[in-house]
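Take a look at the structure below.
Protein chains in written order, with our numbering: chain A, 120 to 216; chain B, 554 to 1035.
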């Protein structure tokens, strides 16, 4: 794994819609590189027969029945949004085409 | 240069569960904005999504109907992107362990040939909300009723080579989903959505060309036209030395064109990672078997059985099995009908379908409110036993549709009976022969086709009630005499 550079940090920040100063980016690049190196340590071991761990809990098949429950009252819903209109959340105009 | 198109389809099927995939909000269509939302489908912090059993079972059922392997270990992942209709900033989907693995679908093409289209995978995911744009307004409105409705995304292999094949694949997929009852599969309402990956390559090449994804095809004809248009566009570009870029294009049905979609951020960098709130799902072989037992006869099996058992044409069998309820109506009719199934098939396809079109009614409603299949059987039996002619049956049927009376009632009331009394028929035949000496002369001088004229006259005299076969026999006998 190569070093994590400024470009990687910038790209990740852009995808996450975050903005950082140059100094912060430098700091994160260093920290990211350390994290990746730390995780890379695992490649020192032979993990051919070990399935990847995707969940910290052992639980399987947590499933519910398909019966309708109560939804949120509209006045409560409208309070959750910075701006509501006509039972809907108002967002800046989205041009799809 | 001759080109070949390579097409793969990604089809989203909305599963018809009562509640959303990870919360107990209703999935009802057409409700007032945001009446079916809660903390979970709105993506509030600290909530816990829990998988809906019905969505899982229906996904397995759909997978089995498409000959897919069902995964004994499946998990959910977060697909990250920002869009105002996606409240959490990620969509819960399945990345590397989808519920359904490889499968295939055999489709019948118009020329009578069969083609096998591979299924790459099918995975469960949640739908996004809906954005409403008001003309001229500087804002958009978000309705989250649809956010969290379960979807099964069925991905095909790039096995199709023409819009015709893609059309038949989609149609056949829709019919199967409808037959097995996992979705309403309505393209216009959005419970079935289709995106196409299209590329071209010189015919004979193995290497795949640059693919373009086409979205926004909202009807079966739209799918066909959009694909044709995109293939043409790519061939034109290639022949003029232009480079085809990998992109997503939207189909504009009104203009029959595709145009590039403004890219959503850094396209395809979705940074999938396992959804920590949803533990993996392990479906056991017993559970799979139990679901397999609930699978009905699939459209293609039914089509083949109809063709073979009822001795009807392939095209008739396809038309009748295209709709599960229409096929059921036909078979219900056959239970009471004593004649050849072919005749009932013709009647339903011509007369019944014409009425359905005229009234814009589905077969289920028609059977329930207008005419049960048993009544068609009764009507056709009257033709079969010679009570009425086929021509009279059409009038009787029209009266049945208008008055909701049974065939027997209409026949009795109108005094409609086929005249099969040979004495009576002979009288009419004699009269017509005597009234038309000129035509008799023509016949006897070898113009045998004037027989049609005589039949017409006799039918007129009997108001269409004469038994046509007997008329023919008596007439030929009399004309050939002397």
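Ideal placement from N, C-alpha and C gives every residue a C-beta, glycine not left out.
Query: Reference residue 988/B; option with closest CA among 968/B, 1014/B, 972/B; Result: 1014/B
Query: Residue 203/A in three-state terms, based on DSSP; Result: strand
Query: With 16 other Cβ atoms within 10 Å as the buried cut-off, status of residue 176/A; Result: exposed
Query: Range covered by the beta strand (DSSP E) that runs through residue 676/B; Result: 667 to 679
Query: Check whether residue 670/B and residue 713/B have beta carbons under 9 Å apart; Result: yes
Query: Exposure of residue 942/B, with buried meaning 16 or more beta-carbon neighbours within 10 Å; Result: buried
Query: Contact with chain A by residue 692/B, beta-carbon distance below 9 Å; Result: yes
Query: In chain order, each alpha helix (DSSP H) run of at least 4 residues that lies wholly inside the region 883 to 958 of chain B; Result: 894 to 900, 906 to 912, 926 to 937, 943 to 956
Query: Contact set between residue 185/A and chain B, taken where Cβ atoms lie within less than 7 Å; Result: 570, 571, 572, 605, 606, 607
Query: Three-state secondary structure assigned by DSSP to residue 173/A; Result: coil
Query: Distance between beta carbons of residue 658/B and residue 726/B, contact taken as under 8 Å; Result: 6 Å
Query: Given residue 586/B as reference, the closest of 758/B, 1012/B, 698/B, 702/B once Cα atoms are compared; Result: 698/B
Query: Counted within 10 angstroms of its Cβ, other Cβ atoms place residue 999/B as buried (16 or more) or exposed; Result: exposed
Query: Other residues of its chain near residue 876/B: CB distance less than 7 Å, five sequence neighbours each side excluded; Result: 916
Query: Short Cβ contact (9 Å threshold) for residue 560/B with residue 749/B; Result: yes
Query: Candidates 775/B, 864/B, 695/B, of which the one nearest residue 719/B by Cα; Result: 775/B
Query: Inter-residue spacing [alpha-carbon to alpha-carbon] between residue 813/B and residue 724/B; Result: 27 Å
Query: Supposed close pair residue 886/B, residue 897/B - CB separation, criterion 8 Å; Result: 5 Å
Query: Cβ-Cβ separation, residue 865/B to residue 894/B (assumed contact under 8 Å), whole Å; Result: 6 Å
Query: Bounding residues of the beta strand (DSSP E) (the contiguous stretch that carries residue 711/B); Result: Segment: none, residue 711/B is in no beta strand (DSSP E) and carries neither H nor E.
Query: Per-residue contacts from residue 196/A into chain B (C-beta, under 7 Å); Result: 587, 590
Query: First and last residue of the uninterrupted alpha helix (DSSP H) at residue 857/B; Result: 852 to 862
Query: Under 9 Å between C-beta atoms of residue 557/B and residue 832/B; Result: no
Query: Three-state class that DSSP yields for residue 594/B in the structure shown; Result: helix
Query: Minimum Cβ-Cβ distance from residue 639/B to chain A less than 9 Å; Result: no
Query: Min CB distance residue 134/A to chain B below 9 Å; Result: yes
Query: Residue 977/B versus residue 1027/B - alpha carbon distance; Result: 11 Å
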